[in-house]
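So the protein sequences, as listed, match chains A and B.
One point on numbering: in numbering that gives the first Met the number 0, the residue at position 36 of the first sequence is 35, and numbering is uninterrupted.
One point on numbering: in numbering that gives the first Met the number 0, the residue at position 88 of the second sequence is 87, and numbering is uninterrupted.
The block underneath contains the structure these notes are about, expressed in C-alpha cells.
There are 2 protein chains.
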Amino acid sequence: MERRLEEICDTYLPGLPTGIADAIRYGLRSPGKRIRPLLLLYAYRAVGGSGDATLLACGPEVIHAYSLVHDDLPCMDDDDMRRGRPTVHKVYGSRTAIIAGVAMIPVAAVVVRDAARAMRLPPEVGGTILQTLLEAGGVSGMIGGQSRDLAAEGLSLSLGDREEIHRAKTGALIVASLIMGALAAGASPLQVTAVERYGRAVGLAFQIMDDVLDVTSTTTALGKTTGRDAALGKSSYPALLGVEGAEARARALIHDGLHALAEQKLLTQELSQVANFMVTRTS
Amino acid sequence: MERRLEEICDTYLPGLPTGIADAIRYGLRSPGKRIRPLLLLYAYRAVGGSGDATLLACGPEVIHAYSLVHDDLPCMDDDDMRRGRPTVHKVYGSRTAIIAGVAMIPVAAVVVRDAARAMRLPPEVGGTILQTLLEAGGVSGMIGGQSRDLAAEGLSLSLGDREEIHRAKTGALIVASLIMGALAAGASPLQVTAVERYGRAVGLAFQIMDDVLDVTSTTTALGKTTGRDAALGKSSYPALLGVEGAEARARALIHDGLHALAEQKLLTQELSQVANFMVTRTS
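Below you can see the structure in the form of C-alpha cells.
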C-alpha cells in the first residue's frame, strides 16, 4: 500500500510546483494505520474479488489524507502534531497546505477512475464507485460533518447529535471504502447493505475510541496532541458516558457489525480482526 | 442559469450548517459573467445538441466559484472585494470560506453526474465529461496554475512561462467547459479538437484582457481591487508587451480561435460574439 501511494505521487503530481507536490507527498507519507484502504481490500476479498484492488484502495486514503491536512490548519483544529510528526502547515505553511489539500481531491478521483479501468470494471460500476467516494468526501459526508463539528465547539450536544456528526465526519469515508471494495467485486445489493452496516458500526466505534484515547493516552504514545477535545470544550463520548461506558458502547457496536456480515456470509477473519482492533488499540 | 444555480443550492446543500450553506450560496450568487456555462451551452448547440444542457453548464461554474473563494483568501491573493461585493471570507471568515470552497468540488461532480443522467447521455460519455471537469479543476489544471502563479510572485517571468500559468489557471476550465458541451452533443474527435483550440485562444485572450483591465480600469468599474498585479510584483501582459501590444495579442488569439471553429463548420454567431466580447469588454 505504501508503494502504491508512492506510485500515485510519481504518476499524478507532475507539473506541480515542488512545494505543493512535496506537501502532498508529506501528507500521504504520514505513518497512518491505512484503515480505509485495508477495509476496501478486505471487503473486496470477502465478496470474492481476486484481482489487484490496491490502487483503488488508495482513493479513500488520499481523501482521508486531504481531510487531515485541512483539519489541522490554524483556522480549523489548529494542531501542530499528527502521527508523531509536525503537521503539513507547520512544515510548508498554511497557504501551501490549503492548496495541497484541495489538489488531493481530484487526484483521488483520477486514481479511482484509472484503478477501475485497470481492473476492467464495467463503466457504470466504475462510475458508482467514484460517486460513492465523492459523496463520502462531500457535503453530505466528511465536509458536512467537519463543519458541524466546528460549529458545535463549546456547545453541549446530545449523544444523538454527537453520533450524527461522527457518522458524517469519519464514518462516511469508512463506509464508502467498504462499499467501494464490495462493488468492485460485484457485490449484490444485500451484500452492499451488510458491509455498510458493518462500516457504520466500525466507524463509530473507531471515533469513540479516538475520544477515549484523547483522554487516556499521552501525546507521545498517540503521536498527536492529546487532551485537545477537553481544551476545545468539545463534547466527547468519555464526557457523556465515562471512559468505561464509552468502551462498552464501542464493543457493542463491533458485535452488531460482525453480526451483519455473518448474515451475508461475509464474516472473514480479516474483517473480524480489523473490527476488534478498533476497540483494543492503544494508539 | 441563475435559476439553475439557485436550484443547485436548494438540491445539493441539505444538511450543511447554515453558515457553510450560506457562504456557498453567496459565492454562487456572485454577479459574474457566467462565461463558462455560456461557452458550454454554445458549444453544445454548435455541435447540434438540442436538449437542455443548463444543469450540466453549472458544473464548471461551481468549480470556478470555488476557485474564486480560495483565491481571495488572506493567505492567497488576499482580496477584500470581488465583483463589487465583499469577498466570501470577508463576510463569513476564512475558516468557513475554506470549507465552503472545498465543499463545492464534490457538489460540482454530483451536478455533472445528475445532469448527464437527466440528458440520458451514455454512461461512458457522462464519465468522460466528469473526468474533463475534474482534470481541469485539478493539479494539471486550475490548482497547478494557481500554485505556480503564487510561486511566481515577485519573479520576472518570460511570456512563455506566463502563458503556461494562464493556460492552466484560467484556460483549463474554459477549455473543459467547451469540450463538455461538445461531448454532450456527441461531437467527433475533430470537433472536440476545434472547440479546444478555440477555448485555448479565448481563455488566454480573456486573461490578457484581465491583466489589461487591472491596469486601465478603476476599482469601481471592475468591481474588484485594481492595480493588485503591480502591487504584488506579478509579471503581467501589459508589463511585458505594453497595453496596446497586449490588446493586439488578444485580438490575434481570437482570430485564430474563430478560424479553428470555422474549419469544422462550428462557427456560430454565439461563439463568435463571446470571443469578440473578450477583447472589447470594459469590466
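Glycine is no exception: its CB is placed at the ideal position from the N, C-alpha and C atoms.
7 Å Cβ cutoff met for residue i and residue j
i: residue 146 (chain B); j: residue 19 (chain A); result: yes
i: residue 92 (chain A); j: residue 65 (chain A); result: no
i: residue 201 (chain A); j: residue 277 (chain A); result: yes
i: residue 122 (chain B); j: residue 122 (chain A); result: yes
i: residue 63 (chain A); j: residue 84 (chain A); result: no
i: residue 125 (chain B); j: residue 115 (chain B); result: yes
i: residue 198 (chain B); j: residue 167 (chain B); result: no
i: residue 102 (chain B); j: residue 142 (chain A); result: yes
i: residue 193 (chain B); j: residue 265 (chain B); result: yes
i: residue 30 (chain B); j: residue 81 (chain B); result: no
i: residue 104 (chain A); j: residue 104 (chain B); result: yes
i: residue 77 (chain A); j: residue 86 (chain A); result: no
Closest residue to residue i among the options (Cα-Cα distance)
i: residue 263 (chain B); options: B:46, B:51 and B:122; result: B:46
i: residue 112 (chain B); options: B:128, B:103 and B:141; result: B:128
i: residue 120 (chain A); options: A:28, A:186, A:250 and A:34; result: A:186
i: residue 95 (chain B); options: B:193, B:26 and B:38; result: B:26
i: residue 209 (chain A); options: A:246, A:194 and A:160; result: A:246
i: residue 250 (chain A); options: A:267, A:259, A:238 and A:279; result: A:279
i: residue 184 (chain A); options: A:44, A:242 and A:267; result: A:44
i: residue 108 (chain B); options: B:206, B:131 and B:98; result: B:131
i: residue 267 (chain B); options: B:152, B:41, B:196 and B:236; result: B:41
i: residue 106 (chain B); options: B:69, B:216 and B:57; result: B:57
i: residue 28 (chain B); options: B:190, B:237, B:161 and B:9; result: B:9
i: residue 15 (chain B); options: A:190, A:140, A:98 and A:157; result: A:140
i: residue 160 (chain A); options: A:235, A:61 and A:86; result: A:235
i: residue 195 (chain B); options: B:32, B:38 and B:13; result: B:38
i: residue 162 (chain A); options: A:33, A:205, A:59 and A:78; result: A:205
i: residue 60 (chain A); options: A:275, A:179, A:213 and A:152; result: A:179
i: residue 203 (chain B); options: B:164, B:190, B:33 and B:191; result: B:164
i: residue 207 (chain B); options: B:191, B:238 and B:49; result: B:238
i: residue 244 (chain A); options: A:21, A:32, A:13 and A:158; result: A:158
i: residue 151 (chain B); options: A:48, A:11, A:17 and A:49; result: A:17
Chain A contact residues for residue i, given Cβ-Cβ distances below 8 Å
i: residue 133 (chain B); result: 105, 108 and 109
i: residue 136 (chain B); result: 105
Cβ distance (whole Å) where residue i is taken to contact residue j below 8 Å
i: residue 88 (chain B); j: residue 67 (chain B); result: Contact flag wrong, Cβ pair sits at about 11 Å.
i: residue 240 (chain A); j: residue 248 (chain A); result: 6 Å
i: residue 149 (chain B); j: residue 75 (chain B); result: 7 Å
i: residue 7 (chain A); j: residue 90 (chain A); result: Contact doesn't hold; Cβ gap of about 20 Å is too wide.
i: residue 281 (chain A); j: residue 242 (chain A); result: Between residue 242 (chain A) and residue 281 (chain A) the Cβ distance is about 13 Å, and since that is not below 8 Å, they are no contact.
Residue i: contacting residues in chain B (beta-carbon distance under 9 Å)
i: residue 75 (chain A); result: 94, 97 and 98
Where residue i meets chain B, residues with beta-carbon distance less than 7 Å
i: residue 147 (chain A); result: 16
i: residue 199 (chain A); result: Correct list: empty, because the minimum Cβ distance to chain B is about 17 Å.
i: residue 122 (chain A); result: 122, 123 and 126
Residue i: contacting residues in chain A (beta-carbon distance under 7 Å)
i: residue 162 (chain B); result: In chain order: nothing, as chain A lies at least about 15 Å away.
9 Å Cβ cut-off: residues of chain A touching residue i
i: residue 150 (chain B); result: 16, 17, 18 and 19
i: residue 69 (chain B); result: 97, 98 and 101
CB contact check: residue i to chain D, cutoff 7 Å
i: residue 143 (chain A); result: Considering every chain present, this structure includes no chain D. Its protein chains are A and B.
Chain-ordered neighbours of residue i on chain B, where CB pairs are closer than 8 Å
i: residue 112 (chain A); result: 126 and 130
message: Would you call the stretch 162–171 of chain B in contact with the stretch 255–270 of chain B, where contact means no fewer than 3 C-beta pairs closer than 8 Å?
response: No, they do not touch.
task: Evaluate contact between the stretch 0–9 of chain B and the stretch 52–59 of chain B, counting only Cβ atoms and requiring at least three cross-stretch pairs below 8 Å.
output: Taking 8 Å as the limit for Cβ pairs, the verdict is that the stretch 52–59 of chain B does touch the stretch 0–9 of chain B.
message: With three or more C-beta pairs closer than 8 Å as the rule, is the stretch 175–185 of chain A touching the stretch 130–145 of chain A?
response: At 8 Å Cβ cutoff, the stretches touch.
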